Amino acid sequence: MTRPSSASRLVRRSVGSRALAPLACLLAMAPLIPAYRSATVVLIAVAGVTAGSVLAAVCERRGWGIARFGLALVACYAAGYVLVVAPPIAGRTWWQSLTGAATGWYQGWKDALTLQAPLGSAPQVAVVPWVIGLTTSAVAGLVVARSRGSARRLAVLLPVGAMLLSLVLTDRSPLAPAVVGSLLILLVVLWARTIARPGRLHAHRPRAMTAALVIPLALGVGVALLVPLQPRLVIRDHVAPPVDISAWQSPLAQFRSYVGERAEDHLFTATGLPAGTRMRIAVMDTYDGVTWRSSPAAALFRHWGGRDESALGAAGPVAAAEVVEVEVVLEALETPWLPTVGDPVDLDATEALAPTIRYNALTGTALSLTGMAPGERLYLETVLPPSLEDADLEGLDVRGDALEDLAEIPEVVGVVAREWTAAATTPAQAARELETRLSGTGYYSDGASALDSPAGHGLNRMLALLGADSMVGNDEQYASLMALMARELGLPSRVVMGFTVVDGEVRGQDVTAWVEIAYESAGWVAYDPTPPRSRTPAEQQEQVEPDPEPRNTPAAPTAPEPAQPPTQEPVEVPPEDSEQDLLGASGWLAVTVRIAAVLGVLLLVSLPLLVILALKARRERRRRRAADPDTRALGAWQQALDLARDLGVRPGPAMTRRERAHRVARELDLADTPSTAHRGQPVVWHAPAPGEVSPLEEDLDLLARTADAASFAPDALAPGRDVDAWDALERVRAGALRERSAIRRWRARLSRASLRAIR
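Per UniProt numbering, residue 1 is the first one in the sequence shown, and the count goes up by one each step.
Next up, the structure:
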């Protein structure tokens, strides 16, 4: 069998390098998939990597310099933007495409960091994968083509940098980071091995470079696999922080105003919805003893990104999705909250309103930063929540990780909740029992009648409602009480406030509040614990009206309850913030992981310098520890020549060792002298006269004579001469570096000149 020639092996290496480079660049952009969720953007990324690879090949073949390469890269970007990212179709003109190319290269990064995921395939965000793919593949190809030796391998760091950039641009749920990272390591290692030209490097250098690349990447993947899942650091949270409403006033506290003075106000008109559909304006999932508010996760609102078709599967396997198109005309809502419904697939608004909209995907709610003017329109394509029967929920468990624990709730709430649901055997039955008990035995009052029905939903109001002979309240109180009782039973519950759309026109009196409980597969299911508004307590309360004392000191319906209200009454205003151990086990782990990530990036950036220092140290150690004294003496001479090369001295090869020694000494001395007499003039060596020999020249001459003796003498060197040679080398190194600045000394230490030299 004929063995392949060196030329054929070199061709295969070149082809392999050109095939692995675009694959590594594409894999580096895989973390962007969850952020965009668009097949069009994947094709744009593939086109960018392909264009960059072709551009690098053309530059290599034609021998273009950096300037021509830069101009070609800009032209390729502009042409690709017009033809691939934003082609002049669907109403877009050529001029709009060209102007978009002029601003998209910097505006796209801002949009990609601030828009709500999924970003979609709009040109203003799709330009980012195009730029990353084009630039990474083109520059990597240029580095391979224009560099020599070990520097060629630095090209493999570009896909690694592209992956780091993709990770900070992606969503909070990256695409299998351990798998993607492992595959990228494999491609990087294979690519690094194919880049090096055969015969140019010593056998130990590819292994050292490969190890230097693999070790930090392997550590990164190991951390991803071994460290428990922590909330991801998403850079858009720091570049453009989302709107945080956790400090805003609870919308539920305004409930009484809608059914009171604003009962007849025309708030908005909604078309496209079935009669009786409820539109939400706020979701509250944490309770501080005074009001229901939004937890930190539910309180973060972002720009709406683009069409999100993943919502089409949000109904789960228990019900089919119903998609509707809704138009909302705003009138006198006078609140930052925007009415929404279901799981939006797409969201748009009139020109003035659209830029101010922020959306929370966790709760399905939206708001406007500047408020709404009458006549503004909101357009929704959304998936309506399915109508579920009790039988649909019987086999489902609740979601254990849906919400965080509340602050301490009076024990009586849990006692009564367990008493009411004693016969329930499933979470769905327990939730239905709470709803039925509250809506079936309570009475509705919005405080407009002569009977006193206090507003609010603090602990005192909840205990008074629970301990009264007859429960009286409105949606605000009943929804709050059911949510608290459900939490005491371990059911993940939250309070939702919104409006019921009957005939399209929505007025203040249509305000409502309900409870949602999270189930596996089915998602959030709505419960309405409020009694019918026609069920008022007037007639019954007239019988007990002469004795108002039971209402002032409510009696509990169970044995332990009479003593509970007085003991719990002082807890009207609990601590505003429950202290959290931010530096507990998970906190320290998160800090450690972030520090490790920063150190890993610094290590990755400094890899080329560390590799140079490591290769030089290994080379000197190998020469100093050689088994033969003659070899050690020759190693000291070679080490001196390497020092000269790193300092910029290039002695000609057609010289004897002693001639080279004196030539190097004179050039090093001239480099240190402040005189200008010899600058720009060639150094001509001559035999040194007595008194002209400097200490540096004496030591170099000693190294040269010792090396000659080791090479040409019939006998081995006398014992100790190799040690003298290495001592002379240390004096040469100290003398050559002593008068130079710290910058020049470090330039010499990090110089690759001696590594490229041919022995």
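Just so you know, even glycine gets a beta-carbon here, dropped at the ideal spot from N, CA and C.
These figures come from a predicted structure and were not determined experimentally.
Please state if the CB of residue j and the CB of residue i are separated by a distance shorter than 8 Å.
i	j	result
residue 525	residue 479	no
residue 403	residue 492	yes
residue 439	residue 536	no
residue 180	residue 156	no
residue 293	residue 257	no
residue 704	residue 661	yes
residue 722	residue 640	no
residue 298	residue 360	yes
residue 27	residue 184	yes
residue 371	residue 336	yes
residue 418	residue 267	no
residue 265	residue 373	no
residue 35	residue 169	yes
residue 166	residue 29	yes
residue 118	residue 38	yes
residue 502	residue 275	yes
residue 649	residue 700	no
residue 301	residue 358	yes
residue 477	residue 259	no
residue 455	residue 467	no
Is there a Cβ from chain D that is less than 8 Å from the Cβ of residue i?
i	result
residue 93	Absent from the structure is chain D; it holds one protein chain and no more.
In chain order, what residues of the same chain have a beta carbon less than 7 Å from the beta carbon of residue i, not counting five sequence neighbours either side?
i	result
residue 324	272, 273, 382, 384
residue 484	287, 409, 413, 462
residue 443	470, 471, 472, 531, 535, 536, 537
residue 362	297, 298
residue 608	154
residue 46	26
residue 162	25, 28, 29, 132, 136
residue 751	646
Over what stretch of residues does the alpha helix (DSSP H) that includes residue i continue unbroken?
i	result
residue 77	66-80
residue 475	475-488
residue 528	First-last for residue 528: undefined, no H or E at that position.
residue 257	255-259
residue 497	No alpha helix (DSSP H) holds residue 497; the beta strand (DSSP E) holding it covers 493-501.
residue 732	721-738
residue 747	742-750
residue 340	No alpha helix (DSSP H) holds residue 340; DSSP gives it neither H nor E.
residue 464	459-467
residue 713	First-last for residue 713: undefined, no H or E at that position.
residue 756	753-756
Ordered along the chain, which non-local residues of its own chain (more than five positions away) have a Cβ less than 8 Å from that of residue i?
i	result
residue 19	none
residue 390	428, 429, 432
residue 96	86, 88
residue 482	434, 435, 438, 493, 515, 527, 529
residue 406	286, 287, 484, 487
residue 725	632, 633, 636, 637, 702, 703, 706, 707
Along the chain, where does the beta strand (DSSP E) containing residue i start, and where does it finish?
i	result
residue 330	322-330
residue 346	343-349
residue 282	277-284
residue 517	511-519
residue 267	266-271
residue 505	505-507
Note down, in chain order, each residue of its chain lying with its Cβ closer than 6 Å to the Cβ of residue i, except the 5 sequence neighbours on either side.
i	result
residue 126	41, 44, 85
residue 489	417, 430
residue 580	Only weak support exists for where residue 580 lies, its pLDDT of 39 falling under 50; the value from the coordinates is given anyway. Nothing meets the Cβ criterion.
residue 330	268, 372, 376
residue 291	250, 253
residue 140	21, 155, 158
If we count Cβ pairs, one from each stretch, closer than 8 Å, do we get three or more for the region 273-286 versus the region 461-479? Short answer: they don't touch.
Within the region 361-444, note down every full alpha helix (DSSP H) run reaching 4 residues or more, in order along the chain. Entirely contained in the region 361-444, the alpha helix (DSSP H) runs reaching 4 residues are, in chain order, 390-393, 411-420, 427-441.
So, does the region 45-52 touch the region 71-82, judging by three or more C-beta pairs under 8 Å? Yes, they touch.
Fully enclosed by the region 80-165, which alpha helix (DSSP H) runs are 4 residues long or longer? The region 80-165 contains, as complete alpha helix (DSSP H) runs of 4+ residues, the segments 94-114, 123-146 (chain order).
Are the region 103-114 and the region 54-67 touching, with three or more C-beta to C-beta distances below 8 Å? With a cut-off of 8 Å, the region 54-67 and the region 103-114 do not count as touching, because too few Cβ pairs lie within range.
At 4 residues or longer, what runs of the alpha helix (DSSP H) sit wholly inside the region 35-67? Within the region 35-67, the complete alpha helix (DSSP H) runs of at least 4 residues are 39-62.
Uninterrupted alpha helix (DSSP H) stretches inside the region 598-642 (no shorter than 4 residues): Here the runs fully enclosed are 607-624.
Is the region 387-403 touching the region 415-430, taking contact as three or more C-beta pairs under 8 Å? The region 387-403, when compared against the region 415-430, does touch it at the 8 Å Cβ threshold.
For the region 734-753 and the region 619-630, state whether three or more C-beta atom pairs, one from each stretch, are separated by less than 8 Å. No contact exists between the region 734-753 and the region 619-630.
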